[in-house]
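> Submitted below is the structure of interest, expressed as structure tokens.
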Amino acid sequence: MEKALINIWAKTSKEEDGRWHPLVLHMLDVAASAEAILDREPETTRTTMAEILGMKWEDARAWLLPVIACHDLGKACPGFQCKWKNLSDLDPGRSPNTEINHAFVSQLALAEILQKKSWPEELADLVADAIGCHHGERASPITLDRLLGDRRALGKAEWAEVRCSLVEALLKIFSPTIPPTKQTLTGPEFMLLSGLTSFADWIGSNEDWFPFGNPGDCEDLHSWLQTRRVYAKKALDSLGWETRVPLTIKSKSFKEIFGFTPRPLQQAVADALADLKNPAILLLEAPMGEGKTEAAFFAHLELQRRFDHRGLYIALPTKATGNAMFKRTLNFLQSWGTNRRLDLQLIHGGALLNDTFQSLKVSGIHDPTVGGDVRAGEWFTNKKRALLSEYGVGTVDQALLPILPVRHHFVRLWGLANRVVVFDEIHAYDAYTGTLLVHLLRWLLALGSSVVLLSATLPPSIRRKLAGVVRADLPEQEQPYPRLSIFCPERQIEQTHFEAAPQRRLTLRLQGISSDLPSMRSALEEHLPHGGMGLALVNTVQRAQDLYRLFPEGNPLMREGQRVGKRLFDGTEVILFHARFPADRRQKREDQALETFGEGANRTGRKILIATQVAEQSLDLDFDLIASDLAPIDLVLQRAGRLWRHTRTSRPVSKPVLLIAGLDGTEPPSFGKPLWWGAVYREDILLRTWSLLRTKQQMTLP
């Protein structure tokens with residue numbers, strides 16, 4: 004190999020000991036990483052990647068791997084080489100521009116070279132553009148125009164010849180036969196290529212997995228590639244990237260999987276899945292406690308088996324609901340008993356404070372000889388890499404980041420591609436989040452993913468937006484609630500009505516109380532004179548704090564050295580739980596709430612949880628009495644779902660009662676100062692809810 008190519012460096016040692024890694028060797032490292040990743044992907048992923056070039060897999064592979072390897076082709080320019088030492092004999096020129104982004108040089112050079120290889124011009128430009136994004140940002144047309152004329156950055160003709168020679172060396176190894184004839188890339192194809200390139204670069208750039216070579220290694224590139232293919236496989240083993248195979252190859256009934264007869268909702272999902280021919284969106288609208296989570300797990304298994312999906316991500320509205328779902332997902336995966344390692348990540352800002360997740364992280368120091376367990380690989384805990392994990396549970400914002408203008412958003416999108424994605428409690432989303440969700444759903448379907456949407460209730464306007472994702476209209480006569488809707492591209496929307504489980508029906512008494520906090524405190528104490536579990540759910544943190552202070556001081560209630568509430572001198576325990584606590588303290592209070600009011604809790608005495616909306620969704624809490632601030636009707640129903648949630652032989656109160664602050668009297672409260680409810684929810688919706696509920700004396704769920 005000519006000396007000019009050998010002495011172009013790609014990386015230098017962090018130890019500043021003078022060691023360096025030749026560019027052509029690094030390019031092959033990344034090609035080997037991309038190849039190893041795709042080899043462990045389902046067949047559907049490889050087919051999709053081949054369709055980027057409009058070819059069969061083997062023909063596309065011979066182009067994709069060298070093209071991805073060219074992500075750092077732009078390092079062969081004086082602007083980059085002079086950042087350390089120009090080891091080559093090439094003339095760097097006077098005062099080379101070392102401020103340039105080498106990825107953009109890669110883009111310009113690769114596009115020109117591919118066109119010379121008979122690629123269609125637009126396809127060559129877009130593929131090079133996708134490769135050039137691997138550092139997380141895309142070059143603007145103005146940036147590229149300026150760079151194109153920057154001789155101080157690009158160098159003279161001899162530098163361009165070196166870049167061409169590097170590409171020729173790669174093509175000689177991978178031996179593509181015919182150029183692609185496809186004319187362009189779609190948006191999803193662009194994102195997939197960008198995401199895979201960055202993913203492979205992150206693997207291939209890790210010196211622990213890919214030790215530096217030396218100039219002598221450049222003499223036999225075929226041998227180097229064979230060695231690095233072995234290293235790439237070991238790297239993926241180390242981080243826990245297993246071969247993506249379905250949890251079950253054989254179709255199993257709901258009862259075989261969960262050990263109990265499916266409820267009507269769950270049977271409706273099983274029946275609908277049997278008729279699906281392509282990835283789709285499933286919308287489940289049903290009351291709390293109907294088994295939507297188990298239905299989502301079953302849908303994942305069946306969709307993964309039928310369409311070769313490669314993993315699952317469950318998105319929830321809050322960290323607290325994410326933590327609760329994380330435990331359920333962990334139990335589900337552990338009960339499955341596979342013969343390979345499964346990686347499960349908790350993906351939100353407070354994940355590192357979750358004890359369950361931490362225990363999985365400790366065991367995530369992977370021993371490739373041990374299989375059949377669930378762990379949390381350390382490599383995936385980086386926020387940019389979390390969605391690459393096979394299984395994940397987290398907040399909805401993490402799932403929405405792929406369609407927002409953040410660095411490496413395309414890596415996150417690649418992680419959600421060809422996957423089952425579940426969105427729980429979607430009725431809790433505000434208008435902004437709901438709009439983003441609709442856009443994300445379009446991307447997910449285009450990327451071959453299936454989606455399961457879970458909701459307690461949903462207005463027709465939202466269902467119409469979901470129908471727009473597949474360019475269809477809702478049926479003129481919709482099926483009654485509760486229902487399952489199937490949104491599938493190029494098919495009419497199908498809906499199925501199912502009966503709610505009769506034992507889950509709950510008739511509760513509605514009672515309005517004043518919006519002032521002393522009235523709420525008095526109501527809680529009066530309705531629980533002989534003990535019981537009470538919830539005060541208020542709309543703002545300030546009201547939660549003020550209500551907590553109204554209860555007299557007592558002895559501190561401690562958990563792991565931190566105060567989570569107080570025990571009054573009459574024995575009443577009062578716990579305060581809201582989102583403004585520092586993350587570690589919030590986690591302790593969440594754990595205390597689950598231990599005190601969850602399944603299997605010691606329900607002796609009187610215990611009161613004062614909380615904001617963090618206790619509204621998904622947490623498996625059971626209260627004898629609830630006092631709630633007025634909220635939009637769908638959230639009132641959601642809050643009511645925490646009332647008498649579990650079946651019990653006896654309770655300290657004879658009937659379930661929902662107290663609603665602000666529902667007393669003939670006039671609605673002011674939604675501005677001092678309540679500030681109008682700053683949390685739209686006032687017109689609050690007013691309509693007040694008007695609807697003020698004449699009601701009871702409510703039946705569902």
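Everything in the sequence shown is counted per my numbering, starting at 4 for the first residue and increasing by one. Think of the CB as a built atom: it goes at the ideal place given N, C-alpha and C, for glycine as much as any other residue.
Rounding to the nearest angstrom, what Cα-Cα distance links proline 405 and phenylalanine 626 in this structure?
One C-alpha to the other measures close to 38 angstroms.
> Run the proximity test for alanine 289: is its beta-carbon closer than 7 angstroms to any non-hydrogen atom belonging to the ligand MG?
The ligand MG is absent from the structure shown, which contains no ligand whatsoever.
> Is it true that the stretch 425-435 meets the stretch 352-359, where meeting means three or more beta-carbon pairs spaced less than 8 angstroms apart?
These segments do not touch.
> Taking just the CA atoms, how far does leucine 633 sit from glutamate 686?
Distance between the alpha carbons of glutamate 686 and leucine 633 is about 11 angstroms.
> Around the C-beta of threonine 189, are 16 or more other C-beta atoms found within 10 angstroms, so that it is buried, or is it exposed?
Exposed, because fewer than 16 other Cβ atoms sit within 10 Å of the Cβ of threonine 189.
> Based on the DSSP output, what are the partners of glutamine 701 in its beta bridges?
Glutamine 701 is bridged to Arg512.
> Given that a residue counts as buried once 16 or more other Cβ atoms are within 10 Å of its Cβ, and exposed if not, what is glutamate 46?
Exposed.
> Rounding to the nearest angstrom, what Cα-Cα distance links isoleucine 496 and arginine 232 in this structure?
So the two alpha carbons sit approximately 46 angstroms from each other.
> Valine 409: buried (16+ other C-beta within 10 angstroms of its C-beta) or exposed?
So valine 409 ends up on the exposed side.
> Can you tell me where the alpha helix (DSSP H) holding arginine 155 begins and where it ends?
Arginine 155 -> alpha helix (DSSP H) spans 154-157.
> Measuring straight from C-alpha to C-alpha, what distance separates alanine 389 and valine 396?
Taking the straight line joining both Cα atoms gives about 10 angstroms.
> Quick one: is arginine 508 buried, meaning 16 or more other Cβ sit within 10 Å of its Cβ, or exposed?
Exposed, because fewer than 16 other Cβ atoms sit within 10 Å of the Cβ of arginine 508.
> Considering only DSSP beta bridges, list what methionine 561 is partnered with.
Looking at the DSSP assignment, methionine 561 forms a beta bridge with Arg566.
> Using three-state DSSP, classify valine 424 as helix, strand or coil.
Of the three classes helix, strand and coil, the one that applies to valine 424 here is strand, per DSSP.
> Distance, Cα to Cα, valine 373 vs glycine 380?
Bear in mind that the predicted position of valine 373 carries a pLDDT of just 48, short of 50, making it unreliable; the figure below should be weighed with that in mind. The straight-line gap from Cα to Cα measures roughly 14 angstroms.
> Tell me the DSSP secondary structure of arginine 486 in three-state form.
If DSSP states are grouped into helix, strand and coil, arginine 486 belongs with the strands.
> Quick one, are the C-beta atoms of phenylalanine 580 and alanine 630 less than 8 angstroms apart?
No, Cβ-Cβ distance for phenylalanine 580 and alanine 630 is not below 8 angstroms.
> Can you list, in chain order, the residues of its chain with a C-beta nearer than 8 angstroms to that of histidine 369? Leave out the 5 residues immediately preceding and following it.
Its pLDDT being 48, under 50, histidine 369 is placed unreliably by the model, and the measurement read from it follows with that caveat. Closer than 8 angstroms at Cβ, skipping near neighbours: Asp240, Ser241, Leu242, Gly243, Arg344, Arg378 and Gly380.
> Report the residue from Leu550, Gln616 and Glu528 whose alpha carbon sits nearest the alpha carbon of glycine 574.
It is Glu528.
> Name the two residues that bound the continuous beta strand (DSSP E) containing leucine 93.
Premise fails: leucine 93 is in no beta strand (DSSP E) and is neither H nor E.
> Secondary structure at glycine 216, three-state DSSP: helix, strand or coil?
Glycine 216: coil per DSSP, three-state reduction.
> Using C-beta distances below 7 angstroms, list every residue in its chain close to methionine 523, excluding the 5 sequence neighbours before and after it, in chain order.
For methionine 523, where only same-chain residues beyond five positions count, the Cβ hits under 7 angstroms are Ile516, Ala539, Leu550, Ala630 and Ala664.
> Helix, strand or coil: which one does DSSP assign to tyrosine 316?
Here tyrosine 316 sits in strand by DSSP.
> At the level of alpha carbons, what is the spacing between tyrosine 234 and phenylalanine 213?
Rounded to whole angstroms, tyrosine 234 to phenylalanine 213 spans 7 angstroms at the Cα level.
> Exposed or buried, what is threonine 200 when buried is set at 16 or more other beta-carbons lying within 10 Å of its beta-carbon?
Buried, by the Cβ-count rule.
> How about alanine 283 and phenylalanine 426: do their beta carbons lie closer than 8 angstroms?
It is not a contact, given that the beta carbons lie outside the stated cut-off.
> Go ahead and pull the three-state DSSP assignment for aspartate 346.
Three-state result, aspartate 346: strand.
> Report, in whole angstroms, the separation of the C-beta atoms of cysteine 80 and tryptophan 162, which I expect to be a contact under 8 angstroms.
That belief holds up - the Cβ atoms of cysteine 80 and tryptophan 162 are roughly 6 angstroms apart, short of 8 angstroms.
> Quick one: grab the DSSP three-state call for glutamate 602.
In the structure shown, glutamate 602 sits in coil (DSSP, three-state: anything other than H, G, I, E or B).
> Taking only three categories from DSSP, how would you classify aspartate 62?
Helix, per DSSP.
> Which stretch, first to last residue, makes up the alpha helix (DSSP H) that contains arginine 524?
Note, arginine 524: alpha helix (DSSP H), 520-530.
> Could you say which of Trp87, Ala72 and Ser338 lies nearest to lysine 17 if we only look at CA atoms?
The candidate whose alpha carbon is nearest that of lysine 17 is Trp87.
> Within its chain, find whatever has a CB closer than 7 angstroms to the CB of lysine 258; leave out the 5 residues flanking it on each side and keep chain order.
The answer, listed in chain order, is Thr264 and Pro265.
> So if DSSP puts methionine 660 in a beta bridge, which residue, or which two residues, is it bridged to?
The displayed chain sequence assigns valine, not methionine, to residue 660. Answer is Arg512 and Leu628, bridged to valine 660.
> Identify the residues that DSSP records as bridge partners of glutamate 497: which are they?
Ile489, per the DSSP bridge assignment.
> Roughly how many angstroms lie between the CA atoms of glycine 219 and histidine 411, to the nearest whole one?
Each residue's alpha carbon lies about 35 angstroms from the other.
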